[in-house]
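A.B. asks:
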Amino acid sequence: MALLKEKVTSIHHWTDKTFSFKTTRNMSFRFKNGEFAMIGLEIEGKPLLRAYSVVSPNHEDHLEFLSIKVPNGPLTSKLQNIKINDEVIVNSKPTGTLVCDYLLPGRNLFLFSTGTGLAPFMSIIRDPETYEKFEKIILTHTVRTSEELAYKELLSNLNKDEIYSEITKNNFTYFNTVTREKWRHEGRITDWIKKDKLWNEVGVEKFNANQDRVMICGSESMTFDLKKIFENLGSKEGSTKVQGGFVIEKAFAEK
Ligand SMILES: Cc1cc2nc3c(=O)[nH]c(=O)nc-3n(C[C@H](O)[C@H](O)[C@H](O)COP(=O)(O)OP(=O)(O)OC[C@H]3O[C@@H](n4cnc5c(N)ncnc54)[C@H](O)[C@@H]3O)c2cc1C
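Heads up, the sequence shown is in my numbering, so the first residue is 5 and it goes up one at a time.
#1: For Lys156, name the three-state secondary structure that DSSP assigns.
#2: Identify whether Ala55 lies in helix, strand or coil by the three-state DSSP scheme.
#3: If I measure Cβ to Cβ from Phe23 and keep anything under 7 Å in the same chain, skipping five residues before and after, which residues do I get?
#4: Go to Phe40, then tell me how far its beta strand (DSSP E) extends in each direction, as first and last residue.
#5: Go through its chain and collect everything with a Cβ distance to Thr177's Cβ below 6 Å, but skip five positions before and after it.
#6: Mind checking who Asn95 pairs with in its DSSP beta bridge?
#7: In whole angstroms, what separates the C-alpha of Pro132 from that of Arg111?
#8: Using alpha carbons as the reference points, say which of Leu159, Leu53, Glu185, Asn212 lies closest to Asn174.
#9: May I ask you to check if the CB of Tyr56 is nearer than 7 Å to at least one heavy atom of ligand 1?
#10: I'd like the list of long-range same chain contacts for Thr28, defined as Cβ closer than 7 Å, with 5 residues on each side in sequence excluded.
#11: Count the C-beta pairs between the stretch 134 to 151 and the stretch 237 to 252 that are closer than 8 Å, then say yes if the count reaches three, no if not.
#12: Residues in the same chain with beta-carbon distance under 6 Å from Asn180, minus the five sequence neighbours each way, listed in chain order, please.
#13: Check Thr183 in the structure and name its three-state DSSP category.
#14: Is the Cβ-Cβ distance between Asp217 and Leu52 less than 8 Å?
#15: By how many angstroms is the C-alpha of Arg34 removed from the C-alpha of Thr134?
#16: Do Gly100 and Ala222 come within 8 Å of each other at the CB atom, strictly closer than that value?
#17: Suppose you measure from the CA of Lys240 to the CA of Phe116; what does that come to, to the nearest Å?
#18: Relative to the alpha-carbon of Lys36, which residue among Met42, Ser127, Leu7 has its alpha-carbon at the smallest distance?
#19: How would you write the range of the beta strand (DSSP E) that Val251 sits in, first residue to last?
#20: Indicate the three-state DSSP secondary structure (helix, strand or coil) for Leu102 in the structure shown.
#21: With C-beta atoms as the reference, is Lys232 less than 8 Å away from Ile252?
#22: Expressed to the nearest angstrom, what Euclidean distance is found between the alpha-carbon atoms of Lys21 and Arg148?
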């Protein structure tokens, strides 16, 4: 495995809990949109790496990542202090199950995320192939407070973007909910689905396991609950080996 050294080119702190940053990209680093790579910092002469989904689509000439700030987290307590021109290490072998190819062809594609689980979907929703494979793409993001809605402006305006409007052709829908304050849409995404309210709210036909496909990325409990919901609706899990109705990735490992 090769460890590539990339330079930080920009940093954006969303809140005291999350930030994102862009780096240079060695074009030998190739990935499928939705995949993650091991990235990190050299600490006391040794690489300290963690899994990170790539936010930027693979046609871009830079890399972008969205990161949590874990208090006392071995990597993120340091990574959150990075400055422009600092070096970030990127393992050259990305992987992951949140890839359109691992889903059966279908009608609508639902991308369900909580917290930093949004990251892999940021590349998928800007990939022209996603729109060739599916009629409508619905991305949901659930966080605790509205200020944690990273990329809200970009996502709300994707259909109007100079470049991406050509790709999305208005077939992209962004739906966010918050769980700990008053907001236009409140509560867990599981409740929106269980109460059969989501489909209407995002303007699509009710989920049909024969036609619709799902990707899930978030906390362990959220991925578990959604997996159960979609299995009960008749969908089958896909993998890197067998295409399915839904694919899952935990956004982080709970200890
Ligand atoms: C497949 C995969 C993809 C991942 N993609 C991302 C990503 O795109 N962005 C990202 O910030 N992290 C992502 N993570 C988590 C990441 O690998 C690290 O755990 C995180 O950066 C914290 O590193 P740390 O060394 O500071 O703390 P760690 O020792 O790794 O984590 C300490 C504890 O912090 C909590 N935690 C860790 N990550 C998160 C998170 N993202 N959200 C909420 N709580 C968390 C967990 O309870 C964990 O046990 C991913 C993990 C996996 C398995």
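Quick reminder that beta carbons are idealized off the backbone N, C-alpha and C, glycines included.
C.D. replies: Let me spell this out:
#1: Taken through DSSP and simplified to helix, strand or coil, Lys156 comes out as helix.
#2: DSSP places Ala55 within a strand segment (E or B) once states are collapsed to three.
#3: Around Phe23: Ile15, His16, His17, Ser71, Lys73, Gln84.
#4: Unbroken beta strand (DSSP E) run through Phe40: 40 to 47.
#5: Counting only residues of its own chain and dropping the five nearest sequence neighbours on each side, Thr177 has a CB closer than 6 Å to the CB of Ile142, Val206.
#6: Beta-bridge pairing links Asn95 to Leu7.
#7: Spanning the two alpha carbons is a distance of roughly 16 Å.
#8: That would be Leu159, whose Cα lies nearest to the Cα of Asn174.
#9: When distances are taken from the beta-carbon of Tyr56 to the heavy atoms of ligand 1, the shortest one is below 7 Å.
#10: Excluding sequence positions up to five before and after Thr28, its CB lies within less than 7 Å of the CB of Glu10, Lys11, Thr13, His66, all in the same chain and listed in chain order.
#11: In the pairwise beta carbon analysis, the stretch 134 to 151 is classified as not touching the stretch 237 to 252: fewer than three pairs are separated by under 8 Å.
#12: If you ignore the 5 residues before and after Asn180, its C-beta comes within less than 6 Å of the C-beta of His145, Leu153, all in its own chain and listed in chain order.
#13: In the three-state scheme derived from DSSP, where H, G and I count as helix and E and B as strand, Thr183 is classed as coil.
#14: Contrary to the premise, residue 217 reads as Arg rather than Asp in this sequence. Result no, Cβ atoms of Arg217 and Leu52 do not sit closer than 8 Å.
#15: Taking the CA atoms as reference points, Thr134 sits about 18 Å from Arg34.
#16: One point to set straight first is that residue 222 is Gly, not Ala, in the sequence displayed. The beta carbons of Gly222 and Gly100 sit no closer together than 8 Å.
#17: Lys240 and Phe116 have their C-alpha atoms spaced approximately 16 Å apart.
#18: Of the listed residues, the one whose Cα sits closest to Lys36 is Ser127.
#19: Run containing Val251: 250 to 254, per the beta strand (DSSP E) assignment.
#20: For Leu102, the three-state secondary structure derived from DSSP is coil.
#21: Contact: no.
#22: Distance between the alpha carbons of Lys21 and Arg148: 11 Å.
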